[in-house]
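K.L.:
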Amino acid sequence: MSRSVSPTATRVPRIVGSPPIRAGSTPIRSNPMEEAWDPGVPRVRRSGVDSRAVVERSTIPADLAEDSYVHVHLRCGTRVSSQREGPAMSNAIIKQEGAGSLVADNIWVLRMGAGTFALGLLAGGAGALLVSRSARRTAGTRAPTPTGWPVNFAHRGGRTIVPENTIEGLREATRLGPVVLEVDVRTSADGEVVVIHDETVDRTTDGAGAVARMTLAELQTLDAGYRFTPDDGQTFPWRGRGVRIPTLAAVYREFPDMPVNIELKAELPGAEEAVWRTIEAIAGQARTLVVSDSSGAINRFRAASAGTVATGASIGELAIFRLLSLFRLSGMYDAPFQALQPPETYKGIRIVTPGLVRAAHRCGLRVDVWTIDDEADMRRLLGWGVDGIMTDRPDTLARVLARS
522 MSRSVSPTAT RVPRIVGSPP IRAGSTPIRS NPMEEAWDPG VPRVRRSGVD
572 SRAVVERSTI PADLAEDSYV HVHLRCGTRV SSQREGPAMS NAIIKQEGAG
622 SLVADNIWVL RMGAGTFALG LLAGGAGALL VSRSARRTAG TRAPTPTGWP
672 VNFAHRGGRT IVPENTIEGL REATRLGPVV LEVDVRTSAD GEVVVIHDET
722 VDRTTDGAGA VARMTLAELQ TLDAGYRFTP DDGQTFPWRG RGVRIPTLAA
772 VYREFPDMPV NIELKAELPG AEEAVWRTIE AIAGQARTLV VSDSSGAINR
822 FRAASAGTVA TGASIGELAI FRLLSLFRLS GMYDAPFQAL QPPETYKGIR
872 IVTPGLVRAA HRCGLRVDVW TIDDEADMRR LLGWGVDGIM TDRPDTLARV
922 LARS
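If you count by the working numbering, then the sequence shown holds residues 522 to 925, one letter each, in order.
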């Protein structure tokens with residue numbers, strides 16, 4: 522049973538260091554960084570105790586809201602539908618879990634107009650609000666967070682100094698010192714996992730056409746160094762030198778002791794299983810981190826690998842973690858990932874902060890930031906304690922690290 526009231530959208534001032542929400546009281550916001558708003562919150566009465574839905578507003582880009590959930594435990598509650606101006610908020614379905622607690626399975630990170638999110642949270646009883654550690658846990662193994670990896674992530678091998686996503690380019694990167702090999706993968710028409718960034722071969726080779734419509738044999742006739750130029754088209758030093766589009770398996774064989782960061786593309790459902798089979802075949806689980814912007818792609822990979830390979834947060838999961846960290850709740854999030862790999866800023870909004878790095882480390886997560894090519898930015902991020910820096914200039918980062 523649910524009740525709702527008409528939306529009022531009354532704005533309230535920011536309150537710093539406020540106490541927990543108490544049953545039957547007006548919701549008090551505790552986020553010192555953002556303005557909060559009250560959408561006209563319904564009350565639900567169960568066993569003599571009032572529950573109230575609370576919505577906090579945070580300026581995170583709206584297009585990051587992608588199939589993202591937060592799970593919360595309540596001391597009391599029932600089905601609640603919060604109402605507000607604009608598109609309707611998804612219902613929070615509260616279900617009994619055990620004798621004394623209730624769990625909300627579907628509280629969405631929601632769009633709040635252009636450029637914002639809303640996170641629906643429920644507070645009940647004496648203000649007890651816990652992000653569930655058990656609600657998100659899936660059966661099977663959980664890979665450990667990669668530790669001891671080099672800070673220097675050679676983005677596509679260091680694409681401004683060598684032909685990107687090629688064995689030759691990756692080999693050049695390894696000569697700079699300890700690096701993580703960062704590569705992008707797709708599948709060919711015959712199901713082989715190949716290392717290439719774009720949907721087509723046009724930008725990086727002497728060929729044309731979609732990767733997914735070409736067989737491995739066809740792809741490997743192309744010159745993958747043909748279009749690389751280090752000087753804006755004055756020279757093309759890698760043309761005609763036999764540089765080919767490699768398979769993921771070839772990368773693992775060529776660099777048997779190197780950590781590998783693999784990015785999956787969202788538009789390739791089915792590729793996740795092929796990537797997992799490649800990693801499993803060479804026993805590369807312990808030296809691999811798989812990431813994707815897409816929650817669908819990364820969740821399909823997690824299912825295929827049964828959690829045996831470390832993964833990064835999708836855009837939606839990153840948004841949840843960042844938002845919860847603003848409310849000092851990130852430590853209660855049962856994250857299904859081992860790494861955050863955010864850009865430093867996104868559409869003018871700062872994503873990476875010292876506080877985000879600290880919150881991630883408290884949760885046992887690593888933070889790898891992309892794509893950083895400026896020395897001053899590298900030094901600042903190192904000072905903040907980030908674990909990895911993805912760069913198109915691994916040579917520059919190697920010099921910075923040598924001096925630090």
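Cβ coordinates follow ideal geometry from the N, Cα and C atoms, glycine included.
Please read these numbers as outputs of a predicted model, since none were measured by experiment.
Do valine 890 and valine 878 come within 7 Å of each other at the CB atom, strictly closer than that value?
P.N.:
no
K.L.:
Whose CA, out of Gly876, Val830, Arg871, lies closest to the CA of arginine 849?
P.N.:
Gly876
K.L.:
Looking only at C-alpha atoms, which of Ala840, Ala824, Ile893, Asn782 sits nearest to threonine 666?
P.N.:
Out of Ala840, Ala824, Ile893, Asn782, Asn782 has the C-alpha closest to the C-alpha of threonine 666.
K.L.:
Of all the beta strand (DSSP E) runs that stay within the bounds of the region 772-806, which reach a length of 3 or more residues?
P.N.:
781-784
K.L.:
Put threonine 736 into one of helix, strand or coil per three-state DSSP.
P.N.:
Note: threonine 736 maps to coil in three-state DSSP.
K.L.:
Have a look at leucine 844 and leucine 737 and give me their C-alpha separation to the nearest angstrom.
P.N.:
43 Å
K.L.:
Going by DSSP in three states, arginine 677 sits in which element: helix, strand or coil?
P.N.:
coil
K.L.:
So does the region 862-869 actually touch the region 816-827, counting three or more Cβ pairs closer than 8 Å?
P.N.:
no
K.L.:
Run through DSSP, which three-state label would isoleucine 688 get?
P.N.:
helix
K.L.:
List the DSSP bridge partners of threonine 768.
P.N.:
Val715
K.L.:
In whole angstroms, what separates the C-alpha of isoleucine 800 from that of alanine 770?
P.N.:
8 Å
K.L.:
Assign glutamate 838 to buried or exposed, taking buried as 16 or more other Cβ atoms, counted over all protein chains shown, within 10 Å of its Cβ.
P.N.:
The residue is buried, with at least 16 neighbouring Cβ atoms inside 10 Å.
K.L.:
Which same chain residues, not among the five before or five after arginine 734, have their C-beta less than 7 Å away from its C-beta?
P.N.:
Ala710
K.L.:
Hey, is isoleucine 717 close to the ligand ZN, as in C-beta under 6 Å from one of its heavy atoms?
P.N.:
Of the ligands one can find in the structure shown there are none, so the ligand ZN has no counterpart to examine.
K.L.:
Mark alanine 795 as exposed unless 16 or more other C-beta atoms lie within 10 angstroms of its C-beta, in which case mark it buried.
P.N.:
Counting Cβ neighbours within 10 Å, alanine 795 comes out buried, since at least 16 surround it.
K.L.:
Using DSSP with H/G/I as helix, E/B as strand and the rest coil, what is alanine 818?
P.N.:
helix
K.L.:
Nearest CA to the CA of proline 767: which residue from Asp752, Leu918, Ala745, Arg924?
P.N.:
Ala745
K.L.:
In three-state terms, what does DSSP make of leucine 810?
P.N.:
strand
K.L.:
Since aspartate 723 and valine 716 are thought to touch, with beta carbons under 8 Å apart, how far apart are those beta carbons, to the nearest angstrom?
P.N.:
Contact between aspartate 723 and valine 716 does not hold, since their C-beta atoms are separated by about 17 Å, which reaches or exceeds 8 Å.
K.L.:
What are the residues that DSSP puts in a beta bridge with glycine 909?
P.N.:
Asp889
K.L.:
Could you pull the DSSP bridge partners for aspartate 705 from this structure?
P.N.:
Glu784
K.L.:
Indicate the three-state DSSP secondary structure (helix, strand or coil) for threonine 668 in the structure shown.
P.N.:
Coil, per DSSP.
K.L.:
For tyrosine 747, which of Glu784, Pro684, Asp753 has the nearest alpha-carbon?
P.N.:
The residue among Glu784, Pro684, Asp753 with its C-alpha nearest the C-alpha of tyrosine 747 is Pro684.
K.L.:
Are arginine 762 and glutamine 741 closer than 7 Å when you measure CB to CB?
P.N.:
no
K.L.:
For arginine 920, tell me which candidate among Leu847, Leu902, Glu896 has the shortest Cα-Cα distance.
P.N.:
Glu896
K.L.:
Determine the direct distance from the alpha carbon of glutamate 793 to that of leucine 922, and round the result to whole angstroms.
P.N.:
Distance between the alpha carbons of leucine 922 and glutamate 793: 34 Å.
K.L.:
Span of the alpha helix (DSSP H) holding proline 915?
P.N.:
915-924
K.L.:
Whole angstroms is fine: what's the gap from cysteine 884's alpha carbon to glycine 852's?
P.N.:
Distance between the alpha carbons of cysteine 884 and glycine 852: 6 Å.
K.L.:
For glycine 837, report the span of its alpha helix (DSSP H) as first-last.
P.N.:
836-847
K.L.:
Which term fits aspartate 916, buried or exposed, when burial requires 16 or more other beta carbons within 10 angstroms of its beta carbon?
P.N.:
buried
K.L.:
Could you give the distance in angstroms between the alpha-carbon of phenylalanine 674 and the alpha-carbon of isoleucine 688?
P.N.:
Rounded to the nearest angstrom, the two C-alpha atoms are 15 Å apart.
K.L.:
Less than 6 Å between C-beta atoms, sequence neighbours within five positions excluded: which residues of the same chain meet that for threonine 750?
P.N.:
Phe757
K.L.:
How far does the alpha helix (DSSP H) with arginine 724 in it extend, from its first residue to its last?
P.N.:
That residue, arginine 724, is in no alpha helix (DSSP H); it is neither H nor E in DSSP.
K.L.:
In the DSSP assignment, find the alpha helix (DSSP H) that holds proline 875 and state where it starts and stops.
P.N.:
875-883
K.L.:
Apart from the five residues just before and just after alanine 831, which ones in its own chain have a Cβ nearer than 6 Å to its Cβ?
P.N.:
Ala664, Pro667, Leu810, Gln859
K.L.:
Quick one: measure Cβ to Cβ for glycine 690 and glycine 679, integer angstroms, because I've assumed they're closer than 8 Å.
P.N.:
7 Å
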